[in-house]
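Visitor:
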Amino acid sequence: LWANFSGPAVQLFTAHLEARTAAERRRAERDARAVLVMAAGASLFLTTVAVEDDSEDLRERIAELLSASVKAVSRE
């Protein structure tokens, strides 16, 4: 069930990047998987452990932080 679970998300993330070499493609795929894990982890933590902290404001801030980090990495 979980085999290649992240594949479609990784493809969406890397589709807009200009990875010209195999090393650049590997790095882009690694970054995509890292972002996916962070987003899923934040969601899981917020909805199961820190339920009292769950709010629209916090979810928006998490999305802003993840988006900012992705933009910073994409510029490298």
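When we follow my numbering, the leftmost residue of the sequence shown carries the number 792, and every step to the right adds one. Just so you know, even glycine gets a beta-carbon here, dropped at the ideal spot from N, CA and C. Keep in mind the model is a prediction, meaning the values are calculated, not measured.
Excluding the 5 residues preceding and the 5 following ALA819 in the sequence, name in chain order all residues of the same chain whose CB lies nearer than 6 Å to its CB.
Guide: If we look at ALA819 and ignore the five residues flanking it on each side, its Cβ neighbours are THR805, LEU808, ALA810.
Visitor: Taking the alpha carbon of LYS862 as the point to measure from, which residue in ALA823, ARG816, VAL842 has its own alpha carbon closest?
Guide: When only C-alpha atoms are compared, the closest one is ALA823.
Visitor: What residue from ARG817, PRO799, MET829 has the CA that sits closest to LEU856's CA?
Guide: Of the candidates ARG817, PRO799, MET829, the one whose C-alpha sits nearest the C-alpha of LEU856 is MET829.
Visitor: State the start and end residues of the unbroken alpha helix (DSSP H) segment that holds PHE836.
Guide: Per DSSP, PHE836 belongs to the alpha helix (DSSP H) from 813 to 839.
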